[in-house]
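Its first residue numbered 1119, the sequence shown is counted upward by one per residue in the working numbering.
From the three backbone atoms N, C-alpha and C, an ideal C-beta is built for every residue, glycine too.
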Amino acid sequence: MSDQSQLQAQAAEISIDHKTLYPPSPEVVARARIKDRDTLSKFAADHPEQFWAERAEELEWYGKWEKVLDDSNKPFFKWFVGGKFNIVHNALDRHMKTWRKNKVAYIWQGEDFSERQISYADLNREVCRFANVLKSLGVKKGDRVTIYMGRVIELPIAMLACAKIGAVHSVVYGGFSVQALAGRILDSQSKVLVTCDGAYVNGKVVELKQIADDAIKEAPIVEKVVVYKRTGRKIGWVEGRDHWWHDLMKDASPVCETEVMDAEDPLFILYTSGSTGKPKALLHTHGGYAVYTYTTMRYVFDIQDEDRYWCAADPGWITGHSYIVYAPLMNGATSIIYEGGPAHPAPDRWWSIVEQYGVTILYCAPTGIRGLMRFGEEWPKKHDLSSLRLLGSVGEPINPEAWRWYYVHVGGSRCPIMDTWWQTETGGFMITPLPVTPLKPGSATQPFFGIRAEVVDDNGNPTPPGEEGYLTILAPWPGMARTIYGDPDRYVQTYWSRYPGRYFTGDSARVDQDGYFWIIGRVDDVLKVSGYRLGTAEVESALVSHPAVAEAAAIGLPHEVRGNAIYTYVILRAGYEGTPELAEELRQHVGKVMGPIARPEKVEFVAKLPKTRSGKIMRRVLKARAQGLPEGDLTTLEE
Ligand code: WT7
């Protein structure tokens, strides 16, 4: 197994402790939708197509599918082939026929404590109006629209409006910067960009419009920009190109027909980092993605009508796409969206939101928990958190210490933690507890219904219990990404060629003697920093774009709160001196090019980098050196 994953295992203090089981309480079992995981698991394993067809029947289709699964062109699987469908019909339109139209869809709180609530009927009206706005700007079925916004309700509105008319949204996280945005606009060929005049995060304003203006200079294909006013600050304006959201919405009709799509028509693309410098756009479709996210939300978070559900992620990531926007709305849930930082203005901001709205289900990332844990348990203690009944975790392994803090001080030792393992590529939860699953802190427990997961060695043979290997998935599932937009070869290469016939996750894991899965971490050049996914190659190319830098290498080292911190090694061009000021300038440069999340912890100047004879940087050697660990096999090293 790689050094990297061993280091990550240490960092996450994963202990295979089979003894500490946290069984669900009788109250949790009493109200759980699925009480007997094993029986349904067996049924789904024996009859996957029937299992998924029954789930699909719970949604509304304009026309029934002819075939549940088409596997004639592997690995380009198709689900619900021939079915006529639109995810927005299920997220909004169908609720208009029931009492649920007056139910609150989103409760929003700004970082400045301003508040909005929007019912399903109002949300539907806004989505229809924005769909008409998009049409008036010339957006047609199949066109890509880039959305680059802060955490406001208009972000889901823009996404849903695209989906409603059959356009393909490409949301770029509001924490990304000029180059990242420009690259994604160009790759997706978006002619329309939806943004905000700014966003409030941690007491500061993120100048989204300024970044968008700079990005469009590099990606001049954008013809129309729609700007939602959040801050009211002065921004640049290009007459003819830029339009205020509120101006366009004023005259837009609140009635708009939902486009009838094929189940396999594209719904969105979402960029994520891989092992090269170029992020890849995973493509998800209307039908299968809807069935998968709807079902996983229902069974794992056991969502009920009286719930107040809060996923504290950003809608700009897959977690937000699936479990803030589409799955909660299809399930008719009431969700909370909070705009700002978890510790602003004080470290009890999250807990005050839980108390204020009576949140029953809280879903967040371990890095958030570790960050708030530092301030001490007196902060959650200030608030009545007794409304909570289920907790969730996602994005990286949760170390047992954070797990226990979350369990005891947030969940009052009554709420099971759904540690959900999944990826941008998988669309929804893949390995996850259900409320009734006995838990082991740090384990994502078992594969979801119909998911066949296996941990294998280099040769593709299952590893014995307790032994580390590569996590692979053996059978297709409805929520899987269908391809990499514009690059099907890379899709096959990245995910389906290492182990023919299997999906390769890029993660290492172990399975213990009870069949519980323990995710260890990435085995490729992908880093998880505060739950964000970044490629070392992207950080390196950002560094090299600075005139002083000849060559650069980036690695992740264990970090107490962020999971990983980025360390970089730089060879300067002749004539430059490695001063502390230049190191700081390079850190800021990466932040400016990629976004603050990618800003390295440290920039170190070196005269040479450890490389293989073929010129590949040996990052594991840098990592071992940085930590004073043995450097391992150096036979291929040519420094
Ligand atoms: C990578 C995918 C899926 C939504 C957010 C991340 C890591 C994700 C867990 C978990 C251990 C996890 C994996 C995976 N990861 N969830 N519960 N336990 N690791 O999506 O940005 O596509 O990242 O996140 O390494 O491969 P993503």
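Requested in this report: Inspect the beta-carbon positions of F1567 and G1510 and report whether they are closer than 8 Å.
Outcome: Counted from its first residue, the sequence shown places residue 1567 at position 449. Counted from its first residue, the sequence shown places residue 1510 at position 392. Not closer than 8 Å, so no.
Report task. Please classify A1716: does DSSP put it in a helix, a strand, or coil? Result -> One-based indexing of the sequence shown puts residue 1716 at position 598. If DSSP states are grouped into helix, strand and coil, A1716 belongs with the helices.
**Report entry** Identified DSSP bridge partners for K1342
**Finding:** Within the sequence shown, numbered from 1, the residue matching residue 1342 stands at position 224. The partner list for K1342 (beta bridge, DSSP) reads V1310.
Report task. Give the DSSP bridge partners of Q1235, in chain order. Result -> For the purposes of this step, residue 1235 is taken as residue 117 along the sequence shown, with counting starting at 1. Its beta-bridge partners are I1225.
Query - Boundaries (first-last residue) of the alpha helix (DSSP H) holding E1656 - result: Position 538 of the sequence shown, counted from the start, is the residue given in the question as residue 1656. Taken as a continuous stretch (DSSP letters only), the alpha helix (DSSP H) holding E1656 covers T1654 to V1662.
**Report entry** Cα-Cα separation, L1506 to G1529
**Finding:** One-based indexing of the sequence shown puts residue 1506 at position 388. One-based indexing of the sequence shown puts residue 1529 at position 411. Rounded to the nearest angstrom, the two C-alpha atoms are 7 Å apart.
**Report entry** C-alpha distance - T1601 paired with A1464, whole-angstrom precision
**Finding:** Here residue 1601 is taken as the residue at index 483 of the sequence shown, counted from 1. Here residue 1464 is taken as the residue at index 346 of the sequence shown, counted from 1. If I take the Cα positions, the gap works out to 43 Å.
Query raised in the report: Would you say T1538 touches the ligand WT7, meaning its beta carbon is less than 7 Å from a heavy atom?
Result: For the purposes of this step, residue 1538 is taken as residue 420 along the sequence shown, with counting starting at 1. Indeed, a heavy atom of the ligand WT7 lies less than 7 Å from the Cβ.
Query - L1727 and I1673 closer than 8 Å at C-beta - result: Residue mapping note: residue 1727 aligns to position 609 of the sequence shown, counting from 1. Residue mapping note: residue 1673 aligns to position 555 of the sequence shown, counting from 1. No, they are not a contact pair.
Query raised in the report: Which word fits E1758, buried or exposed, when buried means at least 16 other C-beta atoms lie within 10 angstroms of its C-beta?
Result: Past the boundaries of the shown model lies residue 1758; the chain is included only from 1119 to 1757, so the question cannot be answered.
Requested in this report: Report all residues from its chain with a CB closer than 7 Å to the CB of A1742; omit the five preceding and five following residues, and keep chain order.
Outcome: Here residue 1742 refers to the residue found at position 624 of the sequence shown. Excluding sequence neighbours, A1742 sits near D1121, P1748, E1749 and G1750.
Query raised in the report: Cα-Cα, which of H1462, I1442 and V1574 is closest to I1454?
Result: Taking the first residue of the sequence shown as position 1, residue 1454 is located at position 336. Selected option, being the one with the closest Cα: I1442.
Query raised in the report: Mind pulling the beta strand (DSSP E) runs of 3 or more residues that sit fully within the stretch 1609-1660?
Result: 1621-1629, 1635-1640, 1644-1647 and 1650-1653
Requested in this report: Give the range of the beta strand (DSSP E) segment to which M1536 is assigned.
Outcome: Against the sequence shown, residue 1536 aligns to sequence position 418. Segment I1535 to T1538, the beta strand (DSSP E) holding M1536.
Query raised in the report: Should A1766 be listed as close to the ligand WT7, given that the test is whether its C-beta is under 7 Å from any heavy atom?
Result: Summary: the structure shown does not reach residue 1766, with the chain confined to residues 1119 through 1757, and so no result is reported for it.
Query raised in the report: Hey, K1202 and V1378: beta-carbon distance below 8 Å or not?
Result: The residue you call residue 1202 lines up with position 84 of the sequence shown. The residue you call residue 1378 lines up with position 260 of the sequence shown. Yes, the Cβ-Cβ distance between K1202 and V1378 is below 8 Å.
Query - Cα-Cα separation between P1565 and I1637, rounded to whole angstroms - result: Within the sequence shown, residue 1565 is the residue found at index 447, counting from 1. Within the sequence shown, residue 1637 is the residue found at index 519, counting from 1. If I take the Cα positions, the gap works out to 12 Å.
Query raised in the report: Under a Cβ-count criterion, where at least 16 other Cβ atoms within 10 Å of its own Cβ denotes burial, should H1165 be classed as buried or exposed?
Result: In the sequence shown, residue 1165 corresponds to position 47, counting from 1. Exposed, because fewer than 16 other Cβ atoms sit within 10 Å of the Cβ of H1165.
**Report entry** Residue from W1363, A1408, A1370 and S1391 whose Cα sits closest to the Cα of L1385
**Finding:** Within the sequence shown, numbered from 1, the residue matching residue 1385 stands at position 267. Checked all of W1363, A1408, A1370 and S1391; the closest Cα to L1385 is A1408.
**Report entry** Distance between D1607 and T1555 (C-alpha atoms, nearest Å)
**Finding:** Position 437 of the sequence shown, counted from the start, is the residue given in the question as residue 1555. Position 489 of the sequence shown, counted from the start, is the residue given in the question as residue 1607. Computed Cα separation, rounded: 39 Å.
Query raised in the report: If you draw a straight line from the C-alpha of S1626 to the C-alpha of I1152, how long is it?
Result: What you label residue 1626 is simply residue 508 of the sequence shown in a count that begins at 1. What you label residue 1152 is simply residue 34 of the sequence shown in a count that begins at 1. Computed Cα separation, rounded: 29 Å.
**Report entry** Identity of the residue in G1405, I1436, R1680 and Q1235 nearest G1545 by Cα
**Finding:** Here residue 1545 refers to the residue found at position 427 of the sequence shown. Taking only the C-alpha atoms, the option nearest G1545 is I1436.
Report task. Taking only heavy atoms of the ligand WT7 into account, decide whether any of them is closer than 7 Å to the Cβ of V1512. Result -> The residue given as residue 1512 occupies position 394 in the sequence shown. V1512: yes, Cβ under 7 Å from the ligand WT7.
Query raised in the report: Cα separation between K1258 and N1191?
Result: The residue labelled residue 1258 in the question sits at position 140 within the sequence shown. The residue labelled residue 1191 in the question sits at position 73 within the sequence shown. K1258 and N1191: Cα-Cα distance of roughly 29 Å.
Query raised in the report: What's the C-alpha gap between G1438 and M1267?
Result: As a position in the sequence shown, residue 1438 is number 320, starting the count at 1. As a position in the sequence shown, residue 1267 is number 149, starting the count at 1. Between G1438 and M1267, the C-alpha separation is close to 13 Å.
Report task. Could you round the C-beta distance between V1711 and S1295 to whole angstroms and report it? I think they count as a contact, below 8 Å. Result -> The residue given as residue 1711 occupies position 593 in the sequence shown. The residue given as residue 1295 occupies position 177 in the sequence shown. Sure, about 6 Å apart at Cβ, within 8 Å.
Report task. Report back the beta-carbon spacing between F1195 and P1594 to the nearest angstrom; my notes put them in contact at under 8 Å. Result -> Walking along the sequence shown from the start, residue 1195 turns up at place 77. Walking along the sequence shown from the start, residue 1594 turns up at place 476. Confirmed, Cβ separation roughly 4 Å.
Query - Whether S1288 touches V1270 by CB criterion (8 Å) - result: One-based indexing of the sequence shown puts residue 1288 at position 170. One-based indexing of the sequence shown puts residue 1270 at position 152. No, these two residues do not count as a Cβ contact at 8 Å.
Query raised in the report: Below 8 Å between beta carbons: does that hold for H1361 and K1347?
Result: One-based indexing of the sequence shown puts residue 1361 at position 243. One-based indexing of the sequence shown puts residue 1347 at position 229. No, these two residues do not count as a Cβ contact at 8 Å.
Report task. Grab the span of the beta strand (DSSP E) containing F1198 for me, first residue to last. Result -> Position 80 of the sequence shown, counted from the first residue, corresponds to residue 1198. Element bounds for F1198: K1196 to V1199.
Query raised in the report: Taking all protein chains shown into account, do 16 or more other C-beta atoms lie within 10 angstroms of the C-beta of R1737, making it buried, or fewer, making it exposed?
Result: Counting from 1 along the sequence shown, the entry for residue 1737 is found at position 619. Label assigned to R1737: buried.
Query raised in the report: Any chance the CB of K1646 is under 7 Å from a heavy atom of the ligand WT7?
Result: Numbered from 1 along the sequence shown, position 528 holds the residue referred to as residue 1646. The answer is yes for K1646.
Requested in this report: Would you tell me roughly how many angstroms separate the C-alpha atoms of Q1809 and K1396, rounded to the nearest one?
Outcome: Residue 1809 cannot be examined here, being either before or after the span of the chain that is shown, 1119 to 1757.
Query raised in the report: For the candidate residues V1344, Y1687, E1519 and T1686, whose alpha-carbon lies nearest to that of I1487?
Result: Numbered from its first residue, the sequence shown carries residue 1487 at position 369. When only C-alpha atoms are compared, the closest one is E1519.
Report task. Going by CA-CA distance only, name the one from G1321, S1470 and D1380 that's closest to K1766. Result -> Because the chain spans 1119 through 1757 in this model, residue 1766 falls outside it and cannot be assessed.
Query raised in the report: Is the Cβ-Cβ distance between A1668 and E1658 less than 8 Å?
Result: Counting from one through the sequence shown, the residue named residue 1668 turns up at place 550. Counting from one through the sequence shown, the residue named residue 1658 turns up at place 540. No, they are not a contact pair.
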